[in-house]
Structure formats: C-alpha cells, structure tokens
Amino acid sequence: MESQAAEGQPVPGHASIKTRRWSISLVWIVPIVAVLVGVSLVVHNILQQGPTIILNFKTGEGLIANKTEVKYRNVVIGHVSDVELSDDQKSVNATVKLVKQAESFTREDSKFWVVRPRIGAGGVSGFDTLLSGAFVGADAGRADARAKTFIGLEAPLPLTFGEPGKHFMLHTQDLGSLEIGSPVYFRKIPVGQVVAYTLDSEGKGVDIQVFVKAPNDVHVTENTRFWNVSGIAIDVGANGFAFKTESLSALLVGGITFRAPDYSPNDQPAAENRSFELFDNQQTALAPPNGKAQFLSLRFNQALRGLKVDAPVEFQGLDIGKVVAINLDYDEKAHSFPINVGIVIYPQRLGQAHIKMLKALNYNPDDEQAVNRLMGSFVENGLRAQARSGNLLTGQLYIALDFFPKAEKVAFDPNARPMRIPTVPASLEQLQEQFQAVIEKINKLPIERIANNLDDNLTELRKSLKQVNSTTLPSVQNTLQEMSKTLQSASSTLAEGSPQREQLSGTLDELGRASRSLRELSDYLTRHPESLVRGRPKGAPAQDLQPSSSH
Amino acid sequence: MNTAPEARDLNLCLCHSCGNACDMTDHPHECERCGAPLHARKANSLTRTWAYLLASMVFYIPANLLPVMNTSMLGSDSESTIIGGVLEFWEHGAWDIALIIFIASIAVPGIKFVALSLLLITVQRGSLWARKERSKLYRFVELIGYWSMLDVIVVALVAALVKFQALGDIEPRQGILFFGLVVVFTMLSAMSFDPRLIWENRKSEEVMDGVASR
C-alpha cells in the first residue's frame, strides 16, 4: 500500500526507505543476541575448561564416566570423563577433566583417591557415597613441577597439605590396631591423627608418624608421654571391674592419647618431628622413666608352668621389671633340666630407694663392676629370686626378688654376664614337695602284703567257723537237751504231794521243834547258869523252863 | 496460476484484527471498524521469520548440549540433557516415554526449522511448487507449535513438585531456559510468517520487497 505510494514519488520515498531499512533490521538483533549468548557460553566453557589429567587406579570400582566427581573439601573440582583399562590391563585409567580453578591439582605431588563408604579412622566416613556412588578425593601438592598422570591412592589421605600443626614420630613394638587416620586424643578430645607408619630399619619396631593439629600441638611437650588407647581396658581391682575406652571410634580403629605427667616443670613444647615412645597403656606411660635396664639371669630347678615372658618381676612387692626369656637348659652333671629365666629390671623404678642407695653406697650406676659388687653383697645378704604364684586360679607365676636371710649360702660369680641371682624354691613349691613326700610314704606302705595276710586270716576264720558249725554245735544241743531233762526230773521231784516233799516238810517241822527246845534250853541257862554244874534244881518250876519270851 | 483475484486487485485490505475488509482507496492506516493498523501482508514477514528462526536455531544448540535439569536422589546428583534423558529412558526399556520426549523436544523443533526454512526459501524464490502442500505444512507447523513447550512444562512441574530435601530434589538447569527460548522463537517465527505469501505470484516480488521495506 505505502510501497505503491513510494513508487509514485521516487525521490523522497527512497530517503524514507533508507532510514526505515535501518530500523527494520532491528529484528536481526534477536538472532545476533542469540549468537552472542551462544558464543559467550562457548567462551565461558573454554575459559572454565581446566587441565585434563589421567588417574591410575587399581580398580575402577565406583568410577563412572561423566558422573563420578572429583572433590576437594567436598567441593567439585572436576569430573571423570572416561574410564578405561590401562594398556597392560593391570589397572584402570580414569581421565579427569578438572575445572579451571583446580589447576593447582596438576602439581606433581598431588594425591587422588577414590572415596567409598568405609568404617575407618574417625568413624564411618563416606557414608553419603553409599547412595551417591563413589567420588574421587583430591589433595593439591606443593611441588612446582606439573604432571599429567597420577597414581591413585587406595586409601584416602588423612590430611590435607598445609594444615597447620606438627608431626611427631612414635616408636613402639607393634602397630596394634592403629591404622592411618586413627585419632590422636588429648584429654579425650581428638586433636590429630596417625598419618603414616613404617617398620623401623631393623624391623624390630614400628615408627608411627602422627600429626597434631594446631593449636593443640603446643600441648605436646618434651615430657609428654604417648600411649595406645585402642580397644577396651578392663581393670580388675579391689573396686570391682572397670571398663575404659577412649571413644567408640577408638574401640573400632584404635587411637593414641598423650599427656605430660602432672609434675613436669620447665616443660617446653616439643619440636616438629620429635621422637617419642608409644606406651601400651597409661600406667606404663605415666610411670617414672625406667632408666637403665639391668639384665639378670635366674636358674630354676623346678617346673615353671604359668611363667610367661612379660611376667612382672617384683622386689618387695614393687614392680621393677619383667621376664624377657624362658629357656630350658640341660645340666650334664645332675642330668636335670633346669630352666634359665632371663629378667630385666629397672633399678630406677625403685625411686627414692634407688637414689638413697646411690648416695649411701656411693656408686656410679654406669660402672658395671660397682653394680656387680653391689649385687654380690645383696646376694651375700640373702637376695634370692623365687617364682611365686600371682594368681591361684590361673596359676600365673611372677618372679619375686626378696631377701631370705636363712637361705643357703651360694657363691656369687661376679664375672658372669648377665649376672646370676640364685633362686629358692617357691613357697607353694615347698608345700607341694611336702605333700609329695607324704604321698610317697603312703605309696611305700606294703598294702599288698597286708591285704594278703588279711586274706589268709579270713580264710582261717572261715575254716574254724565251719568246724564250730559241724562239730561243736550238735554237742551243745545234746547237752542242752540233757539239761532240760534234769530240770524236768527236778521239778517232778519237788511237785506237791510227792513223798519226798512230805518227808521234807516233816523233817522241817522236826527241825523247828528242835530249834525251839534249843532256845528254851538257852534261856534257862541264861537265868540259871549254875545249872550247868549243879543240874536242874528240884524246886524249879516247870515254867522256868519256858523261854524268857513267855514271861 | 491463481485465477482468483487478490484483495489488492480489488483495492481491499483485510483487517488482521476484526477481519473487516477495508477499502484502501484513500490509504487508511487503521481499520475503520476496530482501529487496528492495516497491512496487506504481515509486516516485515520474511525478515522477522528469518531472524526468529535463526535465533531459535542458535539457541537450539545450547538447549541440547546443556543439562535441562538436575536430579538429586538420596544424595546422588545427576544432570541430564534432553538427549541424555531420552537415551536413559530408552535404555531402561521405556521406549514409549523416550519416543514422546524425543518427538516433543528434538523432532518437533527440528521439523519446524526444516519446514519454516523450506517455506521461507520457496517464498523468497517465488516458487510455485506445491503451494497447497506448503500451506498445509504451515498450518501443521502452527499446530505443533503449541506442543513444543511440553518439555518446559514437565521440567517446571517436576522441579516444583519434587522438593524432598535430601530424599530427592529436582532443579531446572540452564538448558531448559534455552529450550524455552527455542520454542518461543520458533513460535514467533511461525507467527511472523505470512502464509499468503505462498500464494503470491512471481510478479509480486517487488510488492513483497515493498512489504519487507515497511
């Protein structure tokens, strides 16, 4: 319509068209903006594109291309873009695209590891990876050189680089249940962790490297003692049972705790990488220092069932050392098997006594001869070793050093190395011996002979009894029968109405009369004793002849 | 070819707004009935269509390359692009859903690009080829235009509904914005196109230019 008009008026129409052409093309802003947005996206993407590195893992477990992320302090710094077997097919190469800011993670000593759920040091970690899948943990190194390929670690790195704090070396006999990442406690607060462990050069112990984070690292002082708090400590004491554990995680993964003894004057914070000894428990850790060890040899002529290496050595009830060796020996002369027990004692554990002894005897503990002389004098005074039963139930033995003034004198060899302390049999042993002797005596009784004799006697007895049964008893029966006959006849003789009985009663009457007349006579004679000479007077009345009772 | 007389030949112009056939003899600028501006053809149709089409084509690239949403289920984060989602559904055996997403999100914009480009080029060249079919094609493009927003709506719905904190969370990502722009611009492009241009004869090229110059 208007174009038609423009056709009609060429010149001004042209001008107006020109200006309009510019305004019309405004719609082209839309695609231009679109292109700009697209280009900006691309540019942004290119700028964001960080370095690409290759991680070498033993296994591709949990690694998914385009999904598995690389995280540092739980921030995504890249993702795995490809997972494939290495050329030798012994490991897995994961290609990782890092973001721009993560450029420092290409430093040569950067560390990468796969985070999977694990029950490990410091509790259960990586729990979220149970659901989300594993991710790659990373820690930037500090080296200036850059690398493209890295060897992935199998276990997470417990520490991040540049964390303020101090490393310390602990030396111990064995690792126990500690592992990398096991916590280090100070007054039950986790302040650090185990970062590395190695066997020492001789393979006779373990060097454990721990890291204590700042600011708590100042609590590690020169006097500090470290001890192991892994597992549960069960205390059986006069107060009953006591279970002690530092924390639940220490129960599972072990732990180390440290403390300086309560009285530690002039304590200075320990320097980086200072070495400490790692003790087994708090008691030994906080015990006074052992000082110089003294090896002694004991020789027992008795079975030492229940004596074990590490059994305590006590002096007057005080723990001053331990058993380090138990060996069977053969004595050619006696054809016996004595037992050699090696013990180590720490004289410094005697504490005040040791100090006083040093002063009084004025000897230098480093002078071996002097120590020998001292020991010799002790043995002279009756110092003896004895294996005693520490626990009647379990039969555990310990070595007791004590003075037995009544002990037999034994020659002390001052040149023997290690020094030999004579022994005395254990008290329980003595009791046992006496008991044994009694048993032996009982054993020696001629029980068999006695039994044989007894048997013979019994046979004889049986024979006699048989005889009695067969011969004596019938005759006894006869006798009894005869006796009963006799008695029968006797009874018939005495029966009422029998002539014998009549006679007997007549006789008895006569006898009564006779006795009466005899009494009259005696009465008369009492009154007229003269009649014995003169005879009876003529005039005497007849009643005078009557017994006196009749008067 | 077209024997029917054009409105222009009768000096008439159809109002886009109320459909009133206005008499153009005294060059009115507005519809005498409803007051809407009068144009014989959609203003600047080809240029605008091209511009919007190109813009949507440009946005189509990031729309497909960038993730459209971020699904975090129980701590596992996953960002999915449109094609990634389609493949995922396909691999999990849900081929029907995969097909729907593929058609709605990838095929439809693609068809629109091809169809609109075809229409624009043929119109610019004044081609007389298959004009009826091209008209049908245009109507088809307009029809499917409504459904292109399916993806955007799905993402918007899901992102609004799935908010279970740690259990599950879905968030839209950049890609869906570009996808939405693609849809918007293809629709604008389709709207800017004047199907009547299909029916214009070769001789009316100048007229078309005139329209473009407006």
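Protein chains in written order, with my numbering: chain G, 1 to 551; chain F, 1001 to 1214. Backbone N, C-alpha and C fix where the C-beta goes; we use that ideal spot for every residue, glycine too.
Buried or exposed for residue i, please, with buried defined as at least 16 other CB atoms from any protein chain shown within 10 angstroms of its CB.
i                   : result
Ala-1063 of chain F : buried
Arg-21 of chain G   : Confidence at Arg-21 of chain G is low in this model, with a pLDDT of 48, below 50, so its placement is unreliable and the value that follows should be read with caution. That one is exposed.
Phe-412 of chain G  : buried
Ala-1094 of chain F : exposed
Gly-133 of chain G  : buried
Glu-1091 of chain F : exposed
Met-483 of chain G  : exposed
Ala-1040 of chain F : buried
Ser-1056 of chain F : buried
Phe-1164 of chain F : exposed
Gln-477 of chain G  : exposed
Trp-100 of chain G  : A quick correction: the sequence has Lys, not Trp, at residue 100 of chain G. So Lys-100 of chain G ends up on the exposed side.
Glu-1200 of chain F : buried
Ile-29 of chain G   : exposed
Ser-86 of chain G   : exposed
Asn-1044 of chain F : buried
Leu-1038 of chain F : buried
Lys-1112 of chain F : buried
Phe-1193 of chain F : buried
His-79 of chain G   : buried
Arg-1048 of chain F : buried
Gln-500 of chain G  : exposed
By alpha-carbon positions, which one of the options ends up nearest to residue i?
i                   : options                                           : result
Leu-1142 of chain F : F:Arg-1125, F:Val-1152, F:Val-1155 and F:Pro-1109 : Residue 1142 of chain F is actually Glu in this sequence, not Leu. For the residues F:Arg-1125, F:Val-1152, F:Val-1155 and F:Pro-1109, the minimum Cα distance to Glu-1142 of chain F belongs to F:Pro-1109.
Asn-228 of chain G  : G:Gly-133, G:Ala-102, G:Asp-280 and G:Leu-487     : G:Asp-280
Ala-200 of chain G  : G:Gln-294, G:Gln-173, G:Lys-406 and G:Ile-442     : At residue 200 of chain G the sequence reads Asp, which differs from the Ala that was named. The shortest Cα separation from Asp-200 of chain G among G:Gln-294, G:Gln-173, G:Lys-406 and G:Ile-442 belongs to G:Gln-173.
Lys-322 of chain G  : G:Leu-465, G:Phe-295 and G:Leu-328                : G:Phe-295
Ala-1051 of chain F : F:Leu-1128, F:Ala-1021, F:Ile-1176 and F:Ser-1117 : F:Ser-1117
Arg-1033 of chain F : F:His-1016, F:Glu-1088, F:Thr-1049 and F:Ser-1045 : F:His-1016
Leu-1054 of chain F : F:Trp-1199, F:Arg-1196, F:Ser-1189 and F:Asp-1194 : F:Ser-1189
Val-83 of chain G   : G:Leu-98, G:Glu-520 and G:Thr-59                  : G:Thr-59
Asp-1151 of chain F : F:Gly-1180, F:Asn-1011, F:Leu-1137 and F:Leu-1038 : F:Gly-1180
Pro-265 of chain G  : G:Val-43, G:Gly-192 and G:Thr-221                 : G:Thr-221
Ala-138 of chain G  : G:Asp-455, G:Arg-146, G:Leu-153 and G:Ala-145     : G:Leu-153
Ala-214 of chain G  : G:Thr-472, G:Val-191 and G:Val-206                : G:Val-191
Give me, in chain order, the residues of the same chain whose beta-carbon lies closer than 8 Å to that of residue i; leave out the 5 immediate sequence neighbours on both sides.
i                   : result
Ile-326 of chain G  : Leu-304, Leu-307, Lys-308, Val-309, Ile-339, Asn-340, Val-341 and Gly-342
Leu-278 of chain G  : Leu-170, His-171, Thr-172, Ile-208, Phe-226, Trp-227, Asn-228 and Ile-256
Val-75 of chain G   : none
Asp-319 of chain G  : Pro-312, Val-313 and Arg-349
Ile-1198 of chain F : Leu-1119, Thr-1122, Val-1123, Arg-1131, Arg-1134, Ser-1135 and Tyr-1138
Glu-61 of chain G   : Val-114, Arg-116 and Ala-134
Asp-1096 of chain F : none
Ile-421 of chain G  : Leu-296, Ser-297, Leu-298, Met-375, Val-379, Leu-383, Arg-384, Ala-385 and Leu-401
Near residue i, what residues of its chain come up, given a Cβ to Cβ distance below 6 Å and the 5 sequence neighbours on each side ignored?
i                   : result
Gln-396 of chain G  : Gly-306 and Gly-390
Met-1073 of chain F : Gly-1168
Val-379 of chain G  : Phe-412
Ile-54 of chain G   : Asn-93, Thr-95 and Thr-149
Arg-536 of chain G  : none
Residue i bridges to which residues according to DSSP?
i                   : result
Gln-294 of chain G  : G:Ile-345
Ile-399 of chain G  : G:Val-313 and G:Ala-387
Asp-563 of chain G  : In this structure chain G extends from 1 to 551, so residue 563 of chain G is not present and cannot be described.
Val-212 of chain G  : G:Lys-166 and G:Gly-192
Glu-69 of chain G   : G:His-79
Trp-227 of chain G  : G:Thr-257 and G:Phe-279
Tyr-330 of chain G  : Its beta-bridge partners do not exist; DSSP assigns none.
Phe-57 of chain G   : G:Val-92
Glu-1091 of chain F : DSSP lists no partner for Glu-1091 of chain F.
Ser-336 of chain G  : G:Asp-331
Name the chain B residues whose beta carbon is nearer than 7 Å to that of residue i?
i                   : result
Arg-1048 of chain F : No chain B appears in this structure, whose protein chains are G and F.
With a CB to CB cut of under 7 Å and the five nearest residues on each side skipped, what residues in its chain are close to residue i?
i                   : result
Phe-300 of chain G  : Pro-338, Ile-339, Val-341, Ala-387 and Thr-423
Tyr-1060 of chain F : Pro-1109 and Val-1182
Leu-1014 of chain F : Ala-1007 and Ala-1021
Gln-1171 of chain F : The sequence shown places Glu at residue 1171 of chain F, rather than the Gln named in the question. Around Glu-1171 of chain F: Met-1069, Asn-1070 and Ala-1159.
Met-1187 of chain F : Gly-1145
His-14 of chain G   : The predicted model places His-14 of chain G with a pLDDT of 46, which falls under 50 and marks its position as unreliable, so this point remains unresolved.
Pro-51 of chain G   : Leu-98, Glu-103 and Thr-106
Ser-91 of chain G   : Asn-56, Phe-57 and Lys-58
Contact list for the segment 1018 to 1044 of chain F against chain G, Cβ threshold 7 Å: Under the 7 Å Cβ criterion, the segment 1018 to 1044 of chain F contributes Met-1024, His-1027, Ala-1040 and Asn-1044.
Members of the segment 34 to 46 of chain G that neighbour chain F once the beta carbon cut-off is set at 7 Å: Ala-34, Val-35, Gly-38 and Leu-41
Where the segment 198 to 209 of chain G meets chain F: residues whose CB sits under 7 Å from a CB there: none
Contact set between the segment 1048 to 1064 of chain F and chain G, restricted to residues whose Cβ is under 9 Å from the partner: The residues in question are Arg-1048, Trp-1050, Ala-1051, Tyr-1052, Leu-1053, Leu-1054, Ala-1055, Ser-1056, Met-1057, Val-1058, Phe-1059, Ile-1061 and Pro-1062.
Contact list for the segment 81 to 96 of chain G against chain F, Cβ threshold 9 Å: none
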